[in-house]
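Right, one structure below, let's go through it.
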Amino acid sequence: MTPLPLPSDPPPPLFQGLLVEPEEARSILRPQKDERYGFGFALSPYRGCSHGCRYCYVREYPNALHRPEDWGNWVTPKLNAPELLWSQRHRLHGERVFMASATDPYQPLERQYRLSRRCLEVLLLCPTTEVIVHTRSPMVLQDLDLLRAFGDRLTVGLSIPTDDDTVRQTVEPHAPAIPSRWAAVERLAAAGIGVTVAVTPLMAVHDAQAFARRAKASGASGAWVGGLRLLKQDPFYKVLADHGWLKVLDPVYAEGIRQAFREAFPVRRRVRERQAKPAPLPPPPIRQPGLFDRVG
907 MTPLPLPSDP PPPLFQGLLV EPEEARSILR PQKDERYGFG FALSPYRGCS HGCRYCYVRE
967 YPNALHRPED WGNWVTPKLN APELLWSQRH RLHGERVFMA SATDPYQPLE RQYRLSRRCL
1027 EVLLLCPTTE VIVHTRSPMV LQDLDLLRAF GDRLTVGLSI PTDDDTVRQT VEPHAPAIPS
1087 RWAAVERLAA AGIGVTVAVT PLMAVHDAQA FARRAKASGA SGAWVGGLRL LKQDPFYKVL
1147 ADHGWLKVLD PVYAEGIRQA FREAFPVRRR VRERQAKPAP LPPPPIRQPG LFDRVG
């Protein structure tokens, strides 16, 4: 695989104030087992994420260069991610790849580095590999042509953890607005791409039933609700307490949201087809005597 030219200029004004630290990664595929998806590998073209969601569990990952409170202020593009992936493609036969578990593959820097698209171009050449793209950004639409080329072996999950954009402004202040995410779901579905709404991690919801109906009307093929995972002595707990949102940690509250989505997206149960009994053979036809048959 011939390496494509990489950006050499400093980040454009859109990214000023963000510490960008490109690196040559040593690995790109992380074996992973997920209870829901069961995917074989996680693929993250970047370390860090400029969306900087205040609840993100990735803040606790060991990192000698950055403190958890610096989350969202730095990003490390893995410049050789597509080439590494190409060299490891033999591991992907019959496997499933989740992009991405520790970053958003369509955070703003993707406009400049295009690492996620280049990784997808490699995965497109792996015909037995299924792909799940998980993002909270409508920027995924810039690769609509490439996503469609995968056919039914690719799905996109759009993270929409709340139906209230004022909640999003508090917990995900640098992430795209909720209405823009709904528009992305609709365009993906209209393009024939399988898309699910990921209500994860669950944040405060204004109207669970209306939220679930909105997801169904968007054209999504499914939806799921995931819980919030707090770090030890997590400062985000105070954010929830100050806004009266501690209910999102209550399993009963989460189950109520899940039930609303179950009603909107009922599980299709496979009905076993009854094995049809073989039809009885027709009786042998009554043979009439021929001209030269002896009768009697």
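Position in the sequence shown (from 1) plus 906 gives the number in my numbering. Backbone N, C-alpha and C fix where the C-beta goes; we use that ideal spot for every residue, glycine too. Since the structure is predicted, the reported quantities are computational estimates derived from the model, not experimental observations.
Presumed contact (8 Å Cβ cut-off) between residue i and residue j, rounded CB distance
i, j, result
"Y961", "P1157", "Their Cβ separation, rounded to whole angstroms, is 17 Å, which puts Y961 and P1157 out of contact at 8 Å."
"P1014", "A987", "With a Cβ gap of about 17 Å, P1014 and A987 do not count as contacting."
Beta-carbon gap between residue i and residue j smaller than 9 Å
i, j, result
"V1046", "V1003", "no"
"S1203", "A948", "In this structure the chain extends from 907 to 1202, so residue 1203 is not present and cannot be described."
"T982", "R953", "yes"
"A931", "K984", "yes"
"G1063", "E1001", "no"
"H1040", "G978", "no"
"A1129", "K1138", "no"
"T1068", "V1105", "yes"
"P1044", "R1087", "yes"
"V1145", "T1076", "yes"
"S1065", "R1042", "yes"
"A1095", "G1057", "no"
"S1127", "T1061", "yes"
"V1091", "V1103", "yes"
"V1131", "A1160", "yes"
"A1097", "A1166", "no"
"R1074", "Q1048", "no"
Member of the options whose CA lies at the smallest distance from the CA of residue i
i, options, result
"L1031", "L1053, A1116, F1142", "L1053"
"S1022", "P1067, V1028, P1011, L1015", "P1011"
"L1050", "T1009, V1077, V1101", "V1101"
"L1152", "G1133, A1170, A1166", "G1133"
"M1109", "G1162, G1057, E929, L1094", "G1162"
"P1172", "S956, L1094, A1118", "A1118"
"C1025", "R1042, E989, A1166", "E989"
"Y963", "R1164, F1142, D1148, A1170", "F1142"
"V1070", "D976, A1116, A1126", "Here the sequence assigns Asp to residue 1070, which means Val is not the residue at that position. The option with the nearest alpha carbon to D1070 is A1116."
"C959", "A1090, A1083, F1167", "A1083"
"E929", "W980, H999, D1148", "W980"
"L925", "H999, I1099, L971", "L971"
"R1059", "R1017, E975, T1035", "T1035"
"E927", "R1164, R1135, Y1019", "Y1019"
"L1136", "K939, E966, Q938, I934", "E966"
"T1009", "I934, A1147, A1089", "I934"
For residue i, the three-state DSSP class (helix, strand or coil)
i, result
"E927", "coil"
"I1038", "strand"
"F947", "strand"
"S1043", "coil"
"Y870", "This structure cannot speak to residue 870, because the chain is shown only from 907 to 1202."
"W992", "helix"
"Q1194", "Here the model assigns Q1194 a pLDDT of 43, short of 50, so the residue's position is not dependable and the matter cannot be decided."
"L1155", "helix"
"F1171", "coil"
"K1138", "coil"
"F1056", "coil"
"P1011", "coil"
"V1077", "helix"
"D1069", "coil"
"L1108", "coil"
"A1097", "coil"
"D1113", "coil"
"S1124", "coil"
"L1026", "helix"
"P1082", "coil"
"R1178", "Any reading at R1178 must be qualified, since the residue scores a pLDDT of 48, below 50, and its modelled position is unreliable; no value is offered."
"R1017", "helix"
"R1119", "helix"
"G1162", "helix"
"R1087", "helix"
"R965", "helix"
"R973", "coil"
For residue i: DSSP bridge partner residues
i, result
"V1103", "L1064, A1129"
"P937", "F947"
"M1231", "The structure shown does not extend to residue 1231, since the chain is modelled only from 907 to 1202, so the question has no answer here."
"T982", "R953"
Residue i CB to nearest heavy atom of the ligand PLP below 8 Å
i, result
"S956", "Among the components modelled here there is no ligand, and therefore nothing to report on the ligand PLP."
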